[in-house]
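Enquirer: Structure in structure tokens, see below.
2 protein chains.
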Amino acid sequence: MTSLTKKPRTLKVALLQETDRGSRDANLDAIEAGLREAAAAGAGLVLLQELHNGPYFCQHESVDEFDRAEPIPGPSTARIGALAETLKLVVVASLFERRTAGLYHNTAVVFDRSREIAGIYRKMHIPDDPAFYEKFYFTPGDIGFEPIDTSVGRLGLLVCWDQWYPEAARLMALAGAELLLYPTAIGWDPNDADEEKQRQRDAWIIVQRGHAVANGLPLLACNRTGFEAAPDGGRGIQFWGSSLVAGPQGEMLASAGVGARELLVADVDLARSESVRRIWPFLRDRRIDAYDDLLRRFRD
Amino acid sequence: MTSLTKKPRTLKVALLQETDRGSRDANLDAIEAGLREAAAAGAGLVLLQELHNGPYFCQHESVDEFDRAEPIPGPSTARIGALAETLKLVVVASLFERRTAGLYHNTAVVFDRSREIAGIYRKMHIPDDPAFYEKFYFTPGDIGFEPIDTSVGRLGLLVCWDQWYPEAARLMALAGAELLLYPTAIGWDPNDADEEKQRQRDAWIIVQRGHAVANGLPLLACNRTGFEAAPDGGRGIQFWGSSLVAGPQGEMLASAGVGARELLVADVDLARSESVRRIWPFLRDRRIDAYDDLLRRFRD
Numbered sequence: 022m023t024s025l026t027k028k029p030r031t032l033k034v035a036l037l038q039e040t041d042r043g044s045r046d047a048n049l050d051a052i053e054a055g056l057r058e059a060a061a062a063g064a065g066l067v068l069l070q071e072l073h074n075g076p077y078f079c080q081h082e083s084v085d086e087f088d089r090a091e092p093i094p095g096p097s098t099a100r101i102g103a104l105a106e107t108l109k110l111v112v113v114a115s116l117f118e119r120r121t122a123g124l125y126h127n128t129a130v131v132f133d134r135s136r137e138i139a140g141i142y143r144k145m146h147i148p149d150d151p152a153f154y155e156k157f158y159f160t161p162g163d164i165g166f167e168p169i170d171t172s173v174g175r176l177g178l179l180v181c182w183d184q185w186y187p188e189a190a191r192l193m194a195l196a197g198a199e200l201l202l203y204p205t206a207i208g209w210d211p212n213d214a215d216e217e218k219q220r221q222r223d224a225w226i227i228v229q230r231g232h233a234v235a236n237g238l239p240l241l242a243c244n245r246t247g248f249e250a251a252p253d254g255g256r257g258i259q260f261w262g263s264s265l266v267a268g269p270q271g272e273m274l275a276s277a278g279v280g281a282r283e284l285l286v287a288d289v290d291l292a293r294s295e296s297v298r299r300i301w302p303f304l305r306d307r308r309i310d311a312y313d314d315l316l317r318r319f320r321d
Numbered sequence: 022m023t024s025l026t027k028k029p030r031t032l033k034v035a036l037l038q039e040t041d042r043g044s045r046d047a048n049l050d051a052i053e054a055g056l057r058e059a060a061a062a063g064a065g066l067v068l069l070q071e072l073h074n075g076p077y078f079c080q081h082e083s084v085d086e087f088d089r090a091e092p093i094p095g096p097s098t099a100r101i102g103a104l105a106e107t108l109k110l111v112v113v114a115s116l117f118e119r120r121t122a123g124l125y126h127n128t129a130v131v132f133d134r135s136r137e138i139a140g141i142y143r144k145m146h147i148p149d150d151p152a153f154y155e156k157f158y159f160t161p162g163d164i165g166f167e168p169i170d171t172s173v174g175r176l177g178l179l180v181c182w183d184q185w186y187p188e189a190a191r192l193m194a195l196a197g198a199e200l201l202l203y204p205t206a207i208g209w210d211p212n213d214a215d216e217e218k219q220r221q222r223d224a225w226i227i228v229q230r231g232h233a234v235a236n237g238l239p240l241l242a243c244n245r246t247g248f249e250a251a252p253d254g255g256r257g258i259q260f261w262g263s264s265l266v267a268g269p270q271g272e273m274l275a276s277a278g279v280g281a282r283e284l285l286v287a288d289v290d291l292a293r294s295e296s297v298r299r300i301w302p303f304l305r306d307r308r309i310d311a312y313d314d315l316l317r318r319f320r321d
């Protein structure tokens, strides 16, 4: 027997793990440099971190921070889109979207080797914890869990807090996503003990590798790095980097360090999901007749 | 502020990772010895491996193997229940249940320091892969994902193949389970390459630790160990042991080796889920308005 579906289909991916450079222009300059470096390295897809245009402003609640938002399409999509076209890259960007006055989203945008927008994803699960006051800024996404088709494959694009939800990854897999992608901005409270810090970072890595396993899909997560002080005199956040590329058995293909800017490049074989799902056909055996209560808040 | 909910509530658990001893009586003798050892070590709960009364007979399809099945309650529940009562243990057993002629299940049984059965769980997700021909033997469970209340807590009991399904763990968490438990029997095809073997074992560990993280729950998995030859001249299975205890951030609390019988004992603080879920309140933010398609086979 011959099988076209088992022929390797290698995609070189690049994840640009960055610090905040202090202004939108400086950040977009760093992103432009990173995209050029990724293209020179032969990458076909580049994943940027969450809200890469500025600091992680959700450390406090201030109406002035809404000034950072912009429409989609808008000036940032114009600049990044032009680079995607020039450099012949699929680029996954992450922006603070102003949809109208008083209506904002945390939105990821995909370009497919073109200045045109191939698709957007509006973050569905919105956190709200000390130093991560996102519910103040972002209306939960209203376009659901819909993958975005590109020339390199069907992208199951999710954002940060979504990465803790197996439901999100599964819905993308069920819609035929070939790759799970997470722009993210997560870090430590500097006051936490070292053991707690290690548990948190490990948990973040494990839960995502778990989504890769459960769905037989490769997974990319691009996280922010560097310390960002709190605007209100809080403790600030030490973003933990650790951007990663996992294969469809959750195996680590590449991972970045904790504390520095890094362009993480890895080869992902998109065809391996076919063989992995043949030995572990989890989708075959889902008990959809018994899952109704997944739609409930709690079974009480 | 004082909080009763954050006071430690430590449960000493024991996982009895065993080989097949060649007969039901020999296996139950080994289980009796293990339960006595666990009780002497101060354990309050003992988890046994999947189908612990015999070999993993699903390596082939043979009508004669149905002779191994027994009713519940039946002789094995009588013997194990008596030990649970005598030794004052919560015991989680795993049996081949004969419900009637031509209707069999892979069923886990809980005893709560009593010879009475506290509850059963019938394996919901049934695998069928080369050397794991379970669809021939086991009718998929028809009592759903319902935790079992015991004196040591509400047990989210699942079995083996269920461990690959985030849906199963989530449904138990939503029903108030305080602990996820998996009797299991998984191993390697001896012909697989070492790297593939490592990926498979790692994936099995990762996906389960991921359930612990996603649900903020501790998790126990008790796996079989030892090589079992195939009755039909196949390659046999090298069960990989590696039984594990994880905490509610997916942190490893204890893990057994690959190749030998082991009684794995660990302390689990059931109260830690409260504090972990306060910093990571995933249940708060589930998008139950957007999860409908989890009830579909595929979104095509």
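If you're matching them up, the sequences are chains A and B in order. Converting from the first sequence to our numbering requires adding 21 to each position, the first position being numbered 1. Converting from the second sequence to our numbering requires adding 21 to each position, the first position being numbered 1. We put the CB at the ideal spot given by N, CA and C, even for glycine. These figures come from a predicted structure and were not determined experimentally.
Would you call the region 164-179 of chain A and the region 104-119 of chain A touching, i.e. three or more CB-CB distances under 8 Å?
Expert: Yes, the region 164-179 of chain A is in contact with the region 104-119 of chain A.
Enquirer: Could you check whether the region 303-312 of chain B touches the region 44-54 of chain B, counting it as contact only if at least three pairs of C-beta atoms, one from each stretch, sit closer than 8 Å?
Expert: no
Enquirer: Would you decide whether P29 of chain B is buried or exposed? Buried here means 16 or more other CB atoms lie within 10 Å of its CB.
Expert: Locating residue 29 of chain B in the second sequence gives position 8, counting from the first residue. It is exposed - the Cβ of P29 of chain B has fewer than 16 other Cβ atoms within 10 Å.
Enquirer: Closer than 9 Å by beta-carbon distance: list the chain A residues that pair up with H146 of chain B, in chain order.
Expert: If you number the second sequence from 1, residue 146 of chain B lands on position 125. The contacting residues are F303, D306, R307, R308.
Enquirer: Apart from the five residues on each side of it in sequence, which residues of its chain come closer than 6 Å, Cβ to Cβ, to D288 of chain B?
Expert: Position 267 of the second sequence, counting from 1, holds the residue named residue 288 of chain B. Cβ neighbours of D288 of chain B beyond the five flanking positions: T31, K33.
Enquirer: Which complete alpha helix (DSSP H) runs does the region 121-196 of chain B hold, if anything under 4 residues is left out?
Expert: 155-158, 187-195
Enquirer: Note down the Cα distance separating V279 of chain B from S276 of chain A, rounded to an integer number of angstroms.
Expert: As a position in the second sequence, residue 279 of chain B is number 258, starting the count at 1. As a position in the first sequence, residue 276 of chain A is number 255, starting the count at 1. Taking the straight line from one Cα to the other gives about 27 Å.
Enquirer: Just the C-alpha distance for T160 of chain B and L124 of chain B, rounded to the nearest angstrom, thanks.
Expert: Your numbering for residue 160 of chain B matches position 139 in the second sequence. Your numbering for residue 124 of chain B matches position 103 in the second sequence. Cα to Cα, T160 of chain B sits roughly 7 Å from L124 of chain B.
Enquirer: Can you name the start and end residues of the beta strand (DSSP E) that I258 of chain A belongs to?
Expert: What you label residue 258 of chain A is simply residue 237 of the first sequence in a count that begins at 1. Per DSSP, I258 of chain A belongs to the beta strand (DSSP E) from 258-261.
Enquirer: Checking contacts by CB at 8 Å: is P204 of chain B closer than that to chain A?
Expert: Walking along the second sequence from the start, residue 204 of chain B turns up at place 183. Judged by the 8 Å Cβ criterion, P204 of chain B is not in contact with chain A.
Enquirer: If contact is defined by three or more beta carbon pairs under 8 Å, each pair taking one atom from either stretch, is the region 70-90 of chain B in contact with the region 205-215 of chain B?
Expert: Because the criterion of three Cβ pairs below 8 Å is met, the region 205-215 of chain B and the region 70-90 of chain B touch.
Enquirer: Please list the terminal residues of the continuous beta strand (DSSP E) segment that includes K218 of chain A.
Expert: Here residue 218 of chain A refers to the residue found at position 197 of the first sequence. Unbroken run through K218 of chain A is the alpha helix (DSSP H), 215-236; no beta strand (DSSP E).
Enquirer: On the DSSP bridge assignment, give the partners of Q332 of chain B in chain order.
Expert: One cannot answer for residue 332 of chain B here, as it falls past the ends of chain B, which runs 22 to 321.
Enquirer: Between the region 125-141 of chain B and chain A, which residues of the former have CB atoms less than 7 Å from a CB of the latter, in chain order?
Expert: none
Enquirer: Would V234 of chain B count as contacting chain A if we go by Cβ distances under 8 Å?
Expert: Numbered from its first residue, the second sequence carries residue 234 of chain B at position 213. For V234 of chain B, the answer is yes, since a Cβ of chain A falls inside 8 Å of its Cβ.
Enquirer: So that I know if they touch, is there some Cβ in chain B lying closer than 8 Å to that of F159 of chain A?
Expert: Counting from one through the first sequence, the residue named residue 159 of chain A turns up at place 138. By this cut-off, F159 of chain A is not an interface position.
Enquirer: Less than 8 Å between CB atoms is the rule here; does E71 of chain A satisfy it with respect to chain B?
Expert: Counted from its first residue, the first sequence places residue 71 of chain A at position 50. Cβ-Cβ to chain B under 8 Å: no for E71 of chain A.
Enquirer: Counting pairs of Cβ atoms below 8 Å between the region 228-243 of chain B and the region 218-231 of chain A, do you hit three or more?
Expert: yes
Enquirer: Check for me: the beta strand (DSSP E) holding N244 of chain B runs from which residue to which?
Expert: Residue 244 of chain B sits at position 223 when you count from the first residue of the second sequence. Start and end: 240-244.
Enquirer: Which bits of chain B does Y77 of chain A rub up against, with CB to CB less than 7 Å?
Expert: Reading the first sequence from its first residue, position 56 is the one you call residue 77 of chain A. Under the 7 Å cutoff, chain B gives no residues; its nearest Cβ is about 17 Å from Y77 of chain A.
Enquirer: Should G268 of chain A go down as buried or exposed, given a rule of 16 or more other Cβ atoms within 10 Å for buried?
Expert: Taking the first sequence and counting its residues from 1, one reaches residue 268 of chain A at position 247. Per the 10 Å Cβ criterion, buried.
Enquirer: Looking only at its chain, what residues have a beta carbon closer than 7 Å to the beta carbon of R100 of chain B, apart from the 5 residues adjacent to it on each side?
Expert: Taking the first residue of the second sequence as position 1, residue 100 of chain B is located at position 79. Correct list, in chain order: L49.
Enquirer: Against W209 of chain B, what residues of chain A qualify as contacts under a CB-to-CB distance less than 8 Å, listed in chain order?
Expert: Here the question's residue 209 of chain B lines up with position 188 in the second sequence. Per Cβ cutoff of 8 Å: no residues; W209 of chain B is ~12 Å from chain A at best.
Enquirer: Let me see if you follow: with CB-CB separation under 8 Å, is I227 of chain A close to chain B or not?
Expert: In the first sequence, the residue the question calls residue 227 of chain A occupies position 206. It does: the Cβ of I227 of chain A has a partner Cβ on chain B nearer than 8 Å.
Enquirer: Nearest to L315 of chain A by CA position, among B:R136, B:A190, B:D150, is which residue?
Expert: Within the first sequence, numbered from 1, the residue matching residue 315 of chain A stands at position 294. Of the candidates B:R136, B:A190, B:D150, the one whose C-alpha sits nearest the C-alpha of L315 of chain A is B:A190.
Enquirer: If you measure from the beta carbon of P96 of chain A to each beta carbon in chain B, is any gap under 8 Å?
Expert: By one-based count along the first sequence, residue 96 of chain A stands at place 75. False, the Cβ-Cβ gap to chain B never drops below 8 Å.
Enquirer: For P29 of chain A, would you say it is in contact with chain B, using Cβ-to-Cβ distances shorter than 8 Å as the test?
Expert: Residue mapping note: residue 29 of chain A aligns to position 8 of the first sequence, counting from 1. So no, P29 of chain A is outside the interface.
Enquirer: For the alpha helix (DSSP H) holding P96 of chain A, just list the boundary residues, first then last.
Expert: Translated into positions along the first sequence, residue 96 of chain A becomes position 75. For P96 of chain A, the enclosing alpha helix (DSSP H) begins and ends at 96-108.
Enquirer: Shorter than 8 Å from the beta carbon of R175 of chain A to some beta carbon of chain B?
Expert: Taking the first residue of the first sequence as 1, we reach residue 175 of chain A at position 154. No, its Cβ sits nowhere closer than 8 Å to a Cβ of chain B.
Enquirer: Could you give the first and the last residue of the continuous alpha helix (DSSP H) run that contains A51 of chain A?
Expert: Start at 1 with the first residue of the first sequence, and residue 51 of chain A comes out as number 30. Looking at the DSSP string, the run of the alpha helix (DSSP H) that includes A51 of chain A is 45-61.
Enquirer: If we call anything under 8 Å between Cβ atoms a contact, is A139 of chain B one with F166 of chain B?
Expert: Within the second sequence, numbered from 1, the residue matching residue 139 of chain B stands at position 118. Within the second sequence, numbered from 1, the residue matching residue 166 of chain B stands at position 145. It is not a contact, given that the beta carbons lie outside the stated cut-off.
Enquirer: Assign F319 of chain B to one of two classes, buried (16 or more other C-beta atoms within 10 Å of its C-beta) or exposed (fewer than that).
Expert: The residue you call residue 319 of chain B lines up with position 298 of the second sequence. F319 of chain B should be labelled exposed.
Enquirer: Report all residues from its chain with a CB closer than 6 Å to the CB of Y154 of chain B; omit the five preceding and five following residues, and keep chain order.
Expert: Residue 154 of chain B sits at position 133 when you count from the first residue of the second sequence. Annotation for Y154 of chain B: C79, E82 place their beta carbon closer than 6 Å to its own, counting only its chain and skipping 5 residues before and after.
Enquirer: If you measure from the beta carbon of R318 of chain B to each beta carbon in chain A, is any gap under 8 Å?
Expert: By one-based count along the second sequence, residue 318 of chain B stands at place 297. Yes - at least one Cβ of chain A is within 8 Å of the one on R318 of chain B.
Enquirer: Between the alpha carbons of L36 of chain B and V286 of chain B, how many angstroms are there, rounded?
Expert: Within the second sequence, residue 36 of chain B is the residue found at index 15, counting from 1. Within the second sequence, residue 286 of chain B is the residue found at index 265, counting from 1. In a straight line, the C-alpha of L36 of chain B is about 7 Å away from that of V286 of chain B.
Enquirer: Leaving out five residues on either side along the sequence, give the residues of the same chain with a beta carbon under 7 Å from the beta carbon of T40 of chain A.
Expert: As a working note, residue 40 of chain A is residue 19 in the first sequence. Taken in chain order, the residues that qualify are T246, G247, R282.
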